[in-house]
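Protein chains in written order, with the working numbering: chain F, 6 to 467; chain L, 6 to 467.
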């Protein structure tokens with residue numbers, strides 16, 4: 006009988022649990038050692054995330070959560086982007102991440118459909134209120150947390166892992182990344198960091214069945230809280246076993262039919278999953294984006310009359326239908342994850358912005374009528390950033406567009422200027438233009454900031 | 006393409022999601038309609054749980070959590086059994102449940118290895134502080150919450166579900182039961198209750214890899230908080246989709262290779278899983294108990310000298326080795342889940358109480374030496390409440406005992422008197438004898454109480 010906790014492979018000399026390597030990585034990585042591209046990408050991720058958090062801070066989802074929290078959250082002093090209330094650290098993390106996810110406009114690690122910045126950045130800001138944290142320290146914690154998060158996701162949801170797509174990847178890995186980031190800033194020692202990672206791993210959770218309701222944004226938000234509180238608990242010497250990720254009865258074992266921690270270890274500290282992170286041009290499920298690109302191109306070129314359309318055929322990656330199969334959504338939250346709504350809206354309106362996810366657009370009879378004519382098929386030859394759209398008009402003509410790489414994908418990334426425009430658009434929903442511009446500037450220069458909490462105070466709602 | 010959220014069976018007329026039936030059940034069940042046996046069992050469960058919570062309230066695990074929570078929990082007014090501090094409702098629920106799990110002495114729904122009372126009872130007490138709740142209301146909420154919890158566990162972990170044993174069942178289902186119970190007491194309407202159940206389902210989590218560390222008790226504790234806060238959030242109209250349990254990308258789909266909600270529906274309101282609940286005579290993993298019974302019988306009959314033992318053979322249910330395989334544990338927390346420690350301790354000491362899980366006993370050289378001679382084998386013919394132990398002595402004699410039903414199992418339940426003794430033993434660790442006796446009386450008469458919060462105040466530590 007095997008008396009080891011790390012018997013995943015079932016034989017041979019057991020390697021130490023992966024939490025040991027992750028703790029070592031988290032506690033020894035220095036800002037100065039990071040490649041310039043990684044530093045730059047961390048800043049881009051923070052700009053994108055801060056804009057999303059500001060822009061989502063006045064949604065129903067966030068307002069409802071604030072009301073609910075009054076029943077059980079204690080009084081606190083931690084500010085939240087775009088809001089005027091103060092909270093305890095745990096609920097500040099929940100709310101900042103909830104805001105950033107509320108418009109489904111946050112970033113995406115494409116190969117695992119993880120939205121990596123939210124849980125980690127929200128935990129970092131919460132610690133930055135409790136402890137003095139510089140911009141460089143915050144960015145370093147963000148890099149390490151996101152890296153660990155994306156590597157956990159890669160192990161669970163990577164190409165050959167075969168894990169059920171019903172799991173919400175950010176909820177599974179986000180807390181572990183947040184724990185690492187918060188743990189660095191709290192100055193955890195090695196064994197505390199190992200416990201923090203385990204305490205977050207045992208809280209990994211989240212279902213795609215939340216899609217279409219406010220709860221879709223709560224999954225990453227709770228991951229942020231879970232990681233943050235795991236780090237605080239570990240700092241007080243609350244213990245967790247070291248094999249909660251890759252050991253017996255650990256996270257990889259229960260989630261994956263073929264558990265392997267290789268994707269976590271390989272190239273750690275040398276290769277960066279953060280460089281595979283992408284930013285959305287459209288506020289909806291990432292798997293919808295290639296089809297939107299194609300529809301927008303068709304709409305732009307054809308000065309299109311939707312009534313002239315007889316039929317629309319979408320060839321998409323399988324995940325687009327696994328996650329965004331809804332037709333005729335009847336709320337803005339359901340429309341966020343409706344391939345059919347966004348394809349129709351893009352064709353009818355020639356745009357795909359925040360307005361096109363609002364209820365007025367969801368109920369637009371032209372958009373609803375067109376959805377009936379849209380036929381979608383999963384095509385195994387399509388990459389996750391690809392789609393082909395064919396529109397057949399009643400006059401017999403056909404217009405087809407094939408998208409090789411969606412806007413905002415790794416091969417066609419959002420530029421810094423596009424990210425700034427997105428930030429200003431989102432921040433402008435809660436702040437005047439002057440403050441929004443100042444904040445964009447502050448985000449791009451986060452590495453120069455002596456105290457990150459001062460940034461949050463700049464971004465607090467009036 | 007299927008445009009339904011409830012396509013679990015893949016065809017035919019879809020039944021409404023199971024959350025609808027559960028909400029109906031939660032909102033229409035009346036105390037007067039419950040069979041007398043169910044009412045009695047609810048009280049027995051509460052007596053057992055309260056004792057465990059009091060007895061665990063002064064452990065390192067709980068003390069460490071209290072220190073950690075100061076970093077992020079707000080100030081609050083909710084009392085916790087056996088402690089003098091006050092907390093917000095969410096952390097009061099965490100701590101009451103953490104205490105009750107800290108000695109691994111809480112109850113067990115044997116067929117799913119769920120510890121059902123903790124998450125639900127702790128959530129009930131937290132609401133009982135925020136709202137006036139009578140003893141009957143509390144017991145009714147407890148019955149409904151535990152019933153839903155055990156039925157979710159049955160669907161996920163029941164005989165044919167084939168779910169990975171690495172999942173910690175209480176963490177998966179406990180929050181859903183707690184949400185139902187808290188939701189009843191908060192007066193949720195039907196759609197709010199459906200959201201509460203979904204918000205809890207998407208937080209289902211917990212790994213057996215936490216065993217052997219403080220985190221083992223945190224899993225049910227967080228389930229309690231998750232269910233409680235789900236109910237508070239639903240009360241504020243934070244929404245979750247209705248198919249988070251049995252729909253597309255829902256809990257059953259991601260957890261079970263053969264998802265079926267039959268075990269949740271069948272006999273709901275007529276048959277009671279609560280009647281399958283059991284109470285532990287020994288403070289350790291339930292799967293160890295049959296072997297302890299056998300070892301104690303051998304020790305009692307043989308006036309045994311451990312040095313005379315040559316070899317011990319244990320035939321046990323497979324779960325005993327899947328969950329409690331550890332040999333030579335080096336901490337009290339690891340010993341909680343060590344079949345070998347408890348078998349050896351029972352043989353050497355002739356008893357298996359709280360003292361025998363303490364570090365002094367874990368380090369006892371006689372007990373450690375004997376573990377080396379213990380050989381355990383999973384025997385497919387053994388039920389989960391069965392074991393066979395054979396001790397071969399150096400003089401060539403052999404003593405074998407086969408346990409058909411472990412003490413405290415369904416077929417050999419703990420009596421009310423035994424539960425009272427257990428309560429007094431545990432409560433006596435933090436309260437004087439007079440108060441402990443008064444509290445035992447109050448627990449047995451909970452249904453007569455006008456305001457449950459007054460009970461909690463009686464049980465607060467000095």
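A virtual CB, placed ideally from N, CA and C, is assigned to each residue, including glycine.
Just the C-alpha distance for residue i and residue j, rounded to the nearest angstrom, thanks.
i                     : j                     : result
residue 217 (chain F) : residue 293 (chain F) : 15 Å
residue 219 (chain L) : residue 247 (chain F) : 12 Å
residue 262 (chain L) : residue 213 (chain F) : 17 Å
residue 121 (chain L) : residue 155 (chain L) : 7 Å
residue 394 (chain F) : residue 374 (chain F) : 18 Å
residue 367 (chain L) : residue 452 (chain F) : 51 Å
residue 163 (chain L) : residue 117 (chain L) : 6 Å
residue 113 (chain L) : residue 429 (chain F) : 55 Å
residue 450 (chain L) : residue 85 (chain L)  : 20 Å
residue 109 (chain F) : residue 289 (chain F) : 5 Å
residue 6 (chain L)   : residue 253 (chain L) : Caution applies to residue 6 (chain L), whose pLDDT of 38 falls short of 50 and renders its modelled position unreliable; the model cannot decide the point.
residue 215 (chain L) : residue 363 (chain L) : 19 Å
residue 312 (chain L) : residue 158 (chain F) : 52 Å
residue 442 (chain F) : residue 111 (chain L) : 57 Å
residue 446 (chain L) : residue 94 (chain L)  : 26 Å
residue 372 (chain F) : residue 350 (chain F) : 6 Å
residue 456 (chain F) : residue 191 (chain F) : 15 Å
residue 315 (chain L) : residue 303 (chain L) : 14 Å
residue 410 (chain F) : residue 170 (chain F) : 22 Å
residue 328 (chain L) : residue 70 (chain L)  : 25 Å
residue 278 (chain L) : residue 437 (chain F) : 58 Å
residue 324 (chain F) : residue 379 (chain L) : 51 Å
residue 132 (chain L) : residue 138 (chain L) : 8 Å
residue 377 (chain L) : residue 227 (chain L) : 37 Å
Is it true that the CB of residue j sits closer than 8 Å to the CB of residue i?
i                     : j                     : result
residue 150 (chain F) : residue 127 (chain F) : no
residue 463 (chain F) : residue 444 (chain F) : yes
residue 284 (chain F) : residue 23 (chain F)  : no
residue 250 (chain L) : residue 260 (chain L) : no
residue 81 (chain F)  : residue 72 (chain F)  : no
residue 210 (chain L) : residue 210 (chain F) : yes
residue 55 (chain F)  : residue 119 (chain F) : no
residue 225 (chain L) : residue 68 (chain L)  : no
residue 392 (chain F) : residue 408 (chain F) : yes
residue 32 (chain L)  : residue 202 (chain L) : no
residue 46 (chain F)  : residue 338 (chain F) : no
residue 273 (chain L) : residue 236 (chain L) : no
residue 181 (chain L) : residue 221 (chain L) : no
Per the DSSP calculation, residue i is bridged to which residue(s)?
i                     : result
residue 321 (chain L) : L:383, L:392
residue 221 (chain L) : None; residue 221 (chain L) has no bridge partner.
residue 403 (chain L) : L:397
residue 77 (chain L)  : Residue 77 (chain L) is not bridged to any residue.
residue 83 (chain L)  : L:92
residue 119 (chain F) : F:114
residue 212 (chain L) : L:172
residue 316 (chain L) : L:397
Taking 7 Å as the line, does the beta carbon of residue i fall inside it for any heavy atom of the ligand PLP?
i                     : result
residue 319 (chain F) : Although the ligand PLP was asked about, the structure shown includes no ligands whatsoever.
Length-filtered (4 minimum) alpha helix (DSSP H) runs lying within the region 224-292 of chain F: 256-260, 267-270
Assess, as a yes-or-no matter, whether the region 93-110 of chain F is touched by the region 58-69 of chain F under the definition of 3 or more beta carbon pairs within less than 8 Å. yes
Counting only runs of 4+ residues fully inside the region 335-393 of chain F, write out the alpha helix (DSSP H) ranges in chain order. 337-340, 344-354, 364-367, 370-376
Would you say the region 27-41 of chain L touches the region 76-89 of chain L, given that touching needs at least three Cβ pairs under 8 Å? no
Mind listing, in chain order, the continuous beta strand (DSSP E) runs of no fewer than 3 residues lying wholly within the region 144-169 of chain L? none
For the region 412-436 of chain L, list the alpha helix (DSSP H) runs that are entirely contained and at least 4 residues long, ordered along the chain. 421-432
Could you tell me whether the region 310-330 of chain L touches the region 380-393 of chain L, using the rule of 3 or more Cβ pairs below 8 Å? yes
For the 8 Å Cβ check, are there 3 or more pairs between the region 193-201 of chain F and the region 291-305 of chain F? no
Check whether the region 201-211 of chain L and the region 42-53 of chain F touch, using three or more Cβ-Cβ pairs below 8 Å as the test. no
Touch check for the region 225-235 of chain F and the region 93-102 of chain F: three-plus C-beta pairs under 8 Å? yes
Pairing CB atoms from the region 326-337 of chain F with CB atoms from the region 345-365 of chain F, are three or more of them under 8 Å? yes
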